[in-house]
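The block underneath contains the structure these notes are about, expressed in structure tokens.
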Amino acid sequence: MAAEPVSEERYNMVQYIEKLVIIMAAALPLYLAFRFMQVKKRACGCGRTLAREIALGCFILFHTGLLVLALEGEYGSPAQMAERAVERIKTGTGINLVPFRTIAAFFQHFIMDVFLVNIVGNIIMFMPWGFGIVMLWEKNRNLSSIAGYSLLLPLFIETSQLFIGRSVDVDDLILNFTGSCIGAGIYFLMKKVAKLFQK
């Protein structure tokens, strides 16, 4: 029996994940050296545990990889990039500011691989952001911080992509924001479940 052909979307997603892992592995020695010097400078070891250090390392390395991949594009001088952005805003080239237009199109012309990569992928890739900001920093365990940070990273990425020739889509912002909020929700759910088992 012949193997099912791999769709272009699935192939691209596999390549994306491979690149992400390579970037994380390449950044690991730099992160470890930086973190070691940072910890060494502080006399107090307050609040630092091995588990927290590992979680912080994974959080930073994952998002380093995510940013490197999200910000791949056409670079030039700041003036050239600003000029390109202004031209794109004037013409609307590669820009969608109508909420749910792209999402609706994916549902209307439903193809499983395209749906998984573009809808589910955009949600899942930002779940670690929401999970990490509440797990690692207790001060962020409130609705306004979660909403603010969940919007901050996707907004930074979408705005940056305007200058580097990548598509800019409000639906990506919506999906990324949703993923981040789900990630934060998973943290609180896990905490609640852990408390039930401690009783």
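Everything in the sequence shown is counted per my numbering, starting at 679 for the first residue and increasing by one.
C-beta atoms are modelled at their ideal positions from N, C-alpha and C, and glycine is treated no differently.
These numbers come from a predicted model, not from an experiment.
About 20 Å separates the CB atoms of Glu696 and Val792; that is not less than 8 Å, and the two are not in contact. Annotation: the continuous alpha helix (DSSP H) that includes Lys870 extends over Val848 to Gln876.
Scanning Phe737, Ala783, Arg720 and His787 for the CA closest to the CA of Gly861 turns up Phe737. Among the bridge pairs identified by DSSP, Asn774 is matched with Asp847.
DSSP places Ile797 outside any alpha helix (DSSP H), giving it a letter other than H or E. The Cβ atoms of Leu749 and Ser845 lie no closer than 9 Å to each other. In its chain, beyond the 5 residues on either side, Met702, Ala705, Leu706 and Tyr709 have a beta carbon closer than 7 Å to the beta carbon of Leu739. In this structure, the alpha-carbon of Gly810 lies about 23 Å from that of Met715. Leu840 is classed as buried because its beta carbon has at least 16 other beta carbons within 10 Å across all chains shown. About 27 Å separates the Cβ atoms of Leu728 and Met803, ruling out a contact at the 8 Å cut-off. In the DSSP assignment, Phe793 falls within the alpha helix (DSSP H) that extends over Met790 to Phe793. Per DSSP, the continuous alpha helix (DSSP H) segment holding Lys719 begins and ends at Glu686 to Lys719. Taking a contact as a CB-CB distance under 8 Å, the pair Val848 and Pro777 counts as one, their CB atoms being some 5 Å apart. Rounded to whole angstroms, the separation of the alpha carbons of Arg766 and Gly754 is 15 Å.
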